[in-house]
Each structure stands twice: as structure tokens, then as C-alpha cells.
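Asks: For the sequence shown, the numbering used here assigns the number 403 to the last residue and increments by one with no breaks. Built from N, CA and C at the ideal position, the CB exists for glycine as well. Keep in mind that this is a model prediction, so the values were computed, not measured.
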Amino acid sequence: MTQEHYVRLREGASWSEWPLAPEQVGELDRSELIDIRATGGAGSYRLRARDMVGAVRLGRGAGRVRLSIEPKISVDRLMYLLGYAPDRLQWQGRNVDAAARPDLLPAVAYAFNRSARRALRAGPLFGYRETEDALPVLRGRLRASDQLSRHPGLPVPLEVTYDEHTVDIPENRLLLGAVHRLLRVPGLEPRLRAELQGFAAQLDGVNPPAPGAPAPAWQPNRLNQRYQQVLALAALILDGASYEFENGRTVSVDGLVFRMWQVYEDFLGRALGEALVKAVGGRAEPADRNHYLAIGNRHVLKPDLVHYLPRGAGVSGPAIVVDAKYKREFRREDLYQMLAYCVRLGLDDGHLVYAGGRPGVVRVPVPGKEIRLHRHVLDLSLPQAELSRHIDELAETLARSRP
């Protein structure tokens with residue numbers, strides 16, 4: 001059996017040297033998850049992580065390699081940020097067993113395990129599924145057109161449609177798909193793996209989603225309320241089963257990978273938006289895509305947050321614009337981008353929120369006025385309660401910056 005080679009990197013760390021076979025180098029290079037340079041020595045390469053974290057298994061045979069990229073912030077802080085992903089996970093204040101674990105994937109598995117245990121405590125959900133069948137007796141509704149076309153002149157079988165009470169519903173399929181996904185994650189402790197297998201046994205009779213297929217769609221309602229938290233996490237796990245690159249190509253991986261800049265943007269847009277509503281009212285629009293740079297709805301603008309406030313006569317308009325930057329050093333193109341937002345939205349102040357560096361303000365003279373481009377800093381290494389407080393303080397600062 002081929003020995004699995006284990007490469008462990010840290011997000012944001014400098015280059016480190018690793019012995020690799022040519023086949024392993026090829027697999028790592030094709031994954032586009034890390035940067036690779038040859039050192040000049042035989043079988044030795046320098047590796048560096050990009051702005052993503054997670055763990056994957058790549059390749060087979062001589063090319064088999066396991067890659068783990070640790071987040072530069074603590075896992076419990078990362079789980080807090082993930083709580084503001086689009087699926088609206090809410091783990092704040094919960095005692096998740098992830099805090100002391102350096103690897104993201106076991107942390108995700110532990111959080112899922114705790115949530116699934118609560119959801120399945122009363123047993124799996126049952127629901128009604130519309131089923132079409134040919135039966136010797138009438139059940140439900142007769143499909144007359146199908147009966148005439150398939151069995152003309154025959155009394156049986158009857159083409160019917162009926163509602164079947166079953167455990168094989170979208171909620172359970174999504175849950176079982178996440179369980180199967182996590183059981184393939186490397187590095188799980190035996191006890192955790194056994195509990196996940198126990199969830200799979202509880203969901204006997206459920207068909208999991210096919211690999212690569214879209215996650216089963218479900219709608220929150222009163223009946224599935226106890227499932228809703230774990231379903232949000234299950235969707236996140238299944239979405240993380242592949243990594244989508246900018247050119248649209250998708251590489252399937254045996255594990256989970258998170259693009260950290262996207263996690264940060266989701267977190268800031270939603271958390272800061274909620275804080276602004278609390279501070280000044282109005283309406284927050286994270287990832288607002290309703291504005292364009294050019295006439296004719298061309299060149300969509302992509303700010304991470306636009307906050308709307310009343311302008312009178314029942315009309316509201318953009319009052320605050322924010323863009324998240326998952327980096328420490330500011331670049332001139334960040335200023336150009338925010339300046340375009342301000343000009344197009346008619347605002348005198350724009351706000352860039354970095355994950356490090358120094359705050360500051362750049363004043364840009366334009367005909368008839370001055371536009372101020374503010375650089376704010378949010379320290380993601382802070383404890384959750386303090387980070388939440390800093391978000392509230394940032395909202396107050398943004399509110400005061402308005403003319």
C-alpha cells in the first residue's frame with residue numbers, strides 16, 4: 001500500500017521546504033491551493049499556502065498526498081466567522097469543542113456532531129413525498145391520461161399519484177450527505193467517527209445526494225425547526241466538497257477548503273450590517289449587486305455592504321458603503337475601487353475594512369467637494385465577545401462619518 005505523504009502548512013506563513021515525488025508535485029500544482037517552487041535540490045520543493053484553509057487528499061499511487069492548511073486565526077474564531085456565511089449559521093456563544101483543535105476539519109466535524117446529536121435526539125424527521133406508481137388498487141389520485149396511454153382498456157394496474165409518508169425527504173438526504181462527506185475527512189478521532197456512523201444508521205432508508213449533485217433543497221418551517229441549524233452546517237459542508245476557481249473549473253477534493261477572503265467578506269457584510277441597523281436603523285444590503293458603473297447597467301459594482309437610510313417621502317438611498325479586505329497591506333487599487341463606489345452612489349465617505357495593518361484616511365478632491373476614503377482595521381484574533389464589540393464600535397464610527 002502506498003504511503004500517504006502529509007504536508008502541513010499555515011495560512012499566511014512564509015515558504016517551507018518539503019521532500020516530494022514528482023507525481024506529488026504535479027498533484028499539488030494542479031490543485032492550485034498552494035504555491036510551489038523548486039529549490040534546486042533533488043526531490044526538494046518550497047511550498048507556501050494561499051489565502052485558504054482546510055485539508056484535502058489529492059492523487060493516487062505515487063502522487064498521493066494529504067495537504068492540511070491551518071488558519072492563521074484560531075479555529076474557534078474561524079468558526080465564529082463561518083457563522084455569518086450566507087447559510088446564516090449562528091454558533092456564537094455555544095461551547096463548540098473546536099477551540100483547542102489546530103485543524104479545521106475535525107473542528108467542523110465536532111460542531112456538526114454536536115448539532116446533529118440535538119437534531120436527531122427525537123429521531124429522524126418524516127415527511128410527505130409525492131409518488132407516482134402503478135398499483136392494483138386505487139391509492140391517492142388516478143392519472144387518467146397516463147392510464148389511457150399506458151394501459152388502454154385494462155382495469156389494472158392503475159396509474160396513481162399519492163403522498164407517501166417517508167423518511168426519505170430533502171432534510172434527511174442533506175443531513176446524510178454531510179455525514180458521508182465528513183466520514184471521508186482525514187484525522188477524525190475514532191469516537192467522533194463512530195458517532196457519525198451512528199447518525200448514518202439512524203437515517204436508514206434515506207438516499208444521500210449523489211456526489212457532485214446539487215445539495216437537496218429544503219424550506220424552513222415549523223416542522224423542521226429542530227433540524228435547521230444542522231441543515232445549514234450540512235449545506236456548508238457539501239458546498240465545501242469542491243473548490244471553485246476563478247476560471248469556473250472545479251476540482252473535487254476529499255476534504256473541505258474555505259476561501260478565507262470570502263469567509264471574511266461574508267462575515268463583515270452581515271455582522272457589520274446588523275450592527276448598523278441596530279445603531280442607526282435603515283436597511284443593510286450585504287453583497288449588494290444593484291448598482292452599475294456605466295450607463296445601460298454595464299459593469300456591476302460589487303461592494304460587500306451598502307447601508308440604506310430614509311431620504312424622505314418614503315424613499316431610502318445608499319448612505320454607507322463598505323468593502324472588506326482580507327489582507328494587512330492596503331493597495332492603491334483598493335482606493336480606486338472605493339472611489340468608484342462613492343462617485344456612483346453619491347457618497348462623500350467610503351470605508352475599507354482590513355484584517356490587519358494601520359487605519360487612516362485618504363482625501364480625494366473632486367469638483368465641488370472632497371471624498372474621504374477611510375481605512376479601518378479589524379483584529380480577527382480577538383476573543384469572540386471583544387470582536388463583536390469592535391464590530392459595534394465600527395458601526396458607530398461609520399455612522400458618525402456621515403455628513
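Does the distance from the C-beta atom of residue 196 to that of residue 182 stay below 7 Å?
Replies: If you number the sequence shown from 1, residue 196 lands on position 196. If you number the sequence shown from 1, residue 182 lands on position 182. Going by C-beta atoms, residue 196 is nearer than 7 Å to residue 182.
Asks: Does the region 316-326 come close enough to the region 284-304 to have 3 or more Cβ pairs within less than 8 Å?
Replies: yes
Asks: Within the region 133-197, note down every full alpha helix (DSSP H) run reaching 4 residues or more, in order along the chain.
Replies: 144-150, 170-183
Asks: Straight-line CA distance for residue 399 to residue 210?
Replies: Within the sequence shown, numbered from 1, the residue matching residue 399 stands at position 399. Within the sequence shown, numbered from 1, the residue matching residue 210 stands at position 210. Taking the straight line from one Cα to the other gives about 48 Å.
Asks: Inspect the CB distances between the region 269-284 and the region 58-76 and report whether three or more fall short of 8 Å.
Replies: no
Asks: Taking the beta carbon of residue 333 as the centre, do at least 16 other beta carbons fall within 10 Å, making it buried, or is it exposed?
Replies: Against the sequence shown, residue 333 aligns to sequence position 333. Result: exposed.
Asks: Along the chain, where does the alpha helix (DSSP H) containing residue 382 start, and where does it finish?
Replies: As a working mapping, residue 382 is identified with position 382 in the sequence shown. Premise fails: residue 382 is in no alpha helix (DSSP H) and is neither H nor E.
Asks: Helix, strand or coil for residue 318, going by three-state DSSP, please let me know.
Replies: Stepping through the sequence shown from its first residue, residue 318 is reached at position 318. Three-state result, residue 318: strand.
Asks: Taking buried to mean at least 16 other C-beta atoms within 10 Å of its own C-beta, is residue 232 buried or exposed?
Replies: One-based indexing of the sequence shown puts residue 232 at position 232. Buried, by the Cβ-count rule.
Asks: Thinking just about the alpha-carbon of each residue, which of 219, 341, 199 is nearest to the one in residue 299?
Replies: For the purposes of this step, residue 299 is identified with residue 299 of the sequence shown, where counting begins at 1. Minimum Cα distance to residue 299 is reached at 341.
Asks: DSSP has residue 310 in a bridge; who is on the other side?
Replies: If you number the sequence shown from 1, residue 310 lands on position 310. In DSSP, residue 310 forms a bridge with 316.
Asks: What is the DSSP secondary structure of residue 391, reduced to helix, strand or coil?
Replies: Here residue 391 refers to the residue found at position 391 of the sequence shown. Helix.
Asks: Apply the 10 Å Cβ neighbour rule to residue 225 and answer buried if 16 or more other Cβ atoms are within range, or exposed otherwise.
Replies: Looking up residue 225 in the sequence shown gives position 225. Residue 225 should be labelled exposed.
Asks: Compute the beta-carbon to beta-carbon distance between residue 309 and residue 284, rounded to the nearest angstrom, for a pair I have assumed lies under 8 Å.
Replies: Mapped onto the sequence shown, residue 309 falls at position 309. Mapped onto the sequence shown, residue 284 falls at position 284. Residue 309 to residue 284, Cβ: 10 Å. No contact.
Asks: So, helix, strand or coil for residue 69, using DSSP?
Replies: Working through the sequence shown from its first residue, we reach residue 69 at position 69. Three-state DSSP puts residue 69 in a strand.
Asks: Check whether the Cβ atoms of residue 130 and residue 163 lie closer than 7 Å to each other.
Replies: As a first step, residue 130 must be located in the sequence shown, where it is residue number 130. As a first step, residue 163 must be located in the sequence shown, where it is residue number 163. In this structure, residue 163 lies closer than 7 Å to residue 130 by Cβ.
Asks: Just verifying my parser: in three-state terms, what is the DSSP assignment at residue 354?
Replies: To locate residue 354, count along the sequence shown from 1; it is residue 354. Correct three-state label for residue 354: strand.
Asks: Let me check understanding here. Comparing Cα to Cα, which of 123, 23, 374, 153 lies closest to residue 360?
Replies: In the sequence shown, residue 360 corresponds to position 360, counting from 1. Of the candidates 123, 23, 374, 153, the one whose C-alpha sits nearest the C-alpha of residue 360 is 374.
Asks: Check the DSSP bridge columns for residue 278 and list the partner residues they point to.
Replies: The count along the sequence shown starts at 1 and reaches residue 278 at position 278. Beta-bridge pairing by DSSP links residue 278 to no other residue.
Asks: When you compare only the Cα positions, how much space is there between residue 36 and residue 48?
Replies: On the sequence shown, position 36 is the one that residue 36 refers to. On the sequence shown, position 48 is the one that residue 48 refers to. Going from the Cα of residue 36 to the Cα of residue 48 covers about 7 Å.
Asks: If you reduce the DSSP assignment to three classes, tell me which class residue 336 lands in.
Replies: Taking the sequence shown and counting its residues from 1, the one referred to as residue 336 is at position 336. Note: residue 336 maps to helix in three-state DSSP.
Asks: Hey, quick one: how far does the beta strand (DSSP E) through residue 54 stretch, first residue to last?
Replies: Reading the sequence shown from its first residue, position 54 is the one you call residue 54. From DSSP, the beta strand (DSSP E) with residue 54 extends over 52-58.
Asks: Go ahead and label residue 68 buried or exposed: buried means 16 or more other beta carbons lie within 10 angstroms of its beta carbon, across all protein chains shown.
Replies: In the sequence shown, residue 68 corresponds to position 68, counting from 1. That one is buried.
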